[in-house]
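Residue numbers (my numbering), protein chains in the order written: chain A, 22 to 388; chain B, 22 to 388. Heads up, the beta-carbon is just placed ideally off N, CA and C, and yes, glycines get one too. Source: prediction; values computed, not measured.
Structure representation (structure tokens):
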């Protein structure tokens, strides 16, 4: 457990966006830098589906975070100037209340009795943390991937609080290709006999389904072009004991196996199902009946939309749509298409491409 | 069982390309049109991974075939002029010997004792059928998808027999993205507890794994763009009894479910594993150590390479590579990039785009 992690218990009932409620949910978060006296220098960061609130190391926790090269003194999210907040999404399993948490009303895990999760709930619960910290104006909301949709939900629902918005490799809503991929990932987990309709033994979870789902994830997070350069048709030297002739033979297969094993033990399967489903459900057009009416609810002073040309999960056409819509209501909107080859994951691994982009955004805020 | 289907038993030992052998394998095939006296008007058609030899209807079998609109009197593969042959791939389960067939030496199904299958074996066994029909010169070899690689193997290994080659949505070898997809499909089947390391009960096969694999197949056979137009974010009206909140909700999910249920009962899982694996293994560069040396073995008089811009499984860059390589050894080579939106499956469904292309090829043969 990260010693930098703070817990905020919302000691009342949280009503959920699509019905149901949670009694006294906990939100786990981390912060970096100092809140200034005017309390107007905060950056609220929303991560993708899988990460915890540990976006970067700190004195209290020296382990590297999921955006380590982006947050710190002199870095793009410069902790000498800004107070950075990252909340573990509601519904996740790294300290915030989710399906793997104990329901105080029953004393058992929520499992599938957890209400349907919406990214609106992720946004609103992050707003409770912001409020708890005494902040009533957030300098910049930043979201990556699913977090970009959570961030957009935040800006829609708390337009008086969100001043600026940076969306990275995200969208106004999921396309049917992405829905199909995520639906299949969920079905892989639900088809694992160990899932037991969500009632799995936490010590013996549906690892097989999770491993398959993670592999499909990796296939859609990266790009065909990257893998040509990285693996080609190279054979694997790192053979597991061959159970049958179909066991991994090419390097790309071993790579997927290693990545999947690393992930599968670390994430609760029911939490995964809820967050994945929430990603499919979010739709800006639900705000007033169309994308146009949705965009009109925003009251941003500045925005930056960044996309990657090789992304197949949140394709560049969706970034253009988001940028065009936001610029129709916020003149100071910039759109950047990065030519990285690592697909959707580029924002996590192509730091040399992303750092200057985020730096320039914050420089322009001070101009 | 199709009454148009003919069976040829090769009444000796077939040595397999990657080791092992089959005793007296059977090849199932169908033919359309008449072989002329010179025996020089035959077209040999190689299908993708899943179809049978029933490419088109005939007097003997009126059910529509998998390329129904392409083969017949006055159609692109014009049976008034040509003698069309389609062989069910060795290793498949529609009459030709494969892992689901009885091994004459044991009296039991081969299952995983079937030797490793290569597309070279698919090509060479089709050549046995050609020979059996008394043909020593094939006018045109046509292959689609995996069949394009089988057809290329045929042209490489029987250069004196193959006069012309048409490749549709195929490649010189699989890219790591496609290997990753197929490897994951195989793992879905192998992870199904009912697979039993290949020893499943034929009356109770690993349907769940097959269904998952087919869904991933459909995701890679079509295109994101098609699905935006076809489904958007439309909700499904055709709800199965909701077992839990994660059951299909969007139209695209119901579509995949329907397609997967249709397929899963019809194809033997072990046969699928063998053919899928063979698709990964094939590599033109194994002929002499490089693609260049491989191309040099061809002795074609004419070739046509057709690809589809929205194909993600056999992307257009691979079609260009194939066309450039063949044109370096065969001057009369044409390359066509079709702008269909139905991805890899376009050759099965966008007949209005494909018919004229194939028509023009055969017209040009007669000029």
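Taking 7 Å as the cut-off between beta carbons, the residues of the stretch 244-258 of chain B near chain A are 245, 248, 249, 252, 253, 254, in sequence order. The Cβ neighbour count for residue 109 of chain B, taken over all protein chains shown within 10 Å, is at least 16; the residue is labelled buried.
Burial check for residue 212 of chain B: the Cβ neighbour count within 10 Å reaches 16 or more, so the residue is buried.
Using a 10 angstroms sphere on the CB of residue 123 of chain B, the tally of other CB atoms stays under 16, which defines it as exposed.
Taking C-beta separations shorter than 6 Å and ignoring five residues to either side along the sequence, the partners of residue 147 of chain A in its chain run 108, following chain order.
Rounded to whole angstroms, residue 58 of chain B and residue 297 of chain B show a C-alpha spacing of 38 Å.
Residue 348 of chain B sits in a helix when the DSSP states are folded into three classes. Between the stretch 148-158 of chain B and the stretch 308-318 of chain B there are fewer than three C-beta pairs closer than 8 Å, too few to call the two in contact.
Only buried fits residue 277 of chain B, as 16 or more other CB atoms lie within 10 angstroms of its CB. Counting along the chain, no alpha helix (DSSP H) covers residue 355 of chain B; the unbroken beta strand (DSSP E) around it starts and ends at 354-359. Straight across, the Cα-Cα distance linking residue 351 of chain B with residue 185 of chain B is about 10 Å. Secondary structure at residue 65 of chain A: strand, using DSSP grouped into helix, strand and coil. For residue 114 of chain A, the three-state secondary structure derived from DSSP is coil. Taking C-beta atoms as the reference points, residue 359 of chain B and residue 193 of chain B fail to come closer than 8 Å.
Where residue 189 of chain B is concerned, there is no enclosing alpha helix (DSSP H), although the beta strand (DSSP E) around it starts and stops at 185-189. Annotation for residue 249 of chain B: the continuous alpha helix (DSSP H) segment containing it runs 245-251. Taking every protein chain shown into account, the CB of residue 80 of chain B has fewer than 16 other CB atoms within 10 angstroms, so this residue is exposed.
In this structure, residue 364 of chain B lies near residue 247 of chain B, with their beta-carbon atoms less than 8 Å apart. Among the residues facing chain A, residue 283 of chain B is not included, as its CB has no counterpart in that chain under 8 Å away. Nearest to residue 266 of chain B by C-alpha distance, out of A:42, A:29, A:207, is A:207. Here residue 175 of chain A carries a helix assignment [DSSP, helix/strand/coil].
A check of alpha carbon separations from residue 48 of chain B across B:31, B:36, B:42, B:55 identifies B:31 as the nearest. Chain order gives no chain A residues near residue 234 of chain B, where near means a beta carbon separation below 8 Å; the closest approach is about 10 Å.
Around the beta carbon of residue 218 of chain B, fewer than 16 other beta carbons lie within 10 angstroms, which makes this residue exposed. Per DSSP, residue 51 of chain A is one residue of the beta strand (DSSP E) stretching across 47-53. Listed along the chain, the chain B residues whose CB falls inside 8 Å of the CB of residue 266 of chain A are 133, 137, 298.
As a beta-bridge residue in DSSP terms, residue 328 of chain A pairs with A:358. Note on residue 75 of chain B: 16 or more other CB atoms within 10 angstroms of its CB, so buried under the neighbour-count rule. With respect to the 8 Å criterion, residue 303 of chain A and residue 174 of chain A are classified as neighbours on the basis of their beta carbons. Taking residue 103 of chain A as the centre and dropping the five residues before and after it, the same chain places the C-beta of 54, 62, 64 closer than 6 Å to its C-beta, in chain order. Taken atom to atom, the span from the alpha-carbon of residue 135 of chain A to that of residue 93 of chain B is near 59 Å. Within the stretch 64-96 of chain A, no beta strand (DSSP E) run of at least 3 residues lies entirely inside it. Residue 190 of chain B has a beta carbon lying at 8 Å or more from every beta carbon in chain A.
Under a criterion of Cβ atoms nearer than 8 Å, the residues of chain A adjacent to residue 211 of chain B are, in order, 265, 267.
In summary, residue 66 of chain B is buried, with 16 or more beta-carbon neighbours lying within 10 Å of its beta-carbon over all protein chains present. The beta carbon of residue 228 of chain A does not come within 8 Å of any beta carbon belonging to chain B, so the residue lies off that interface.
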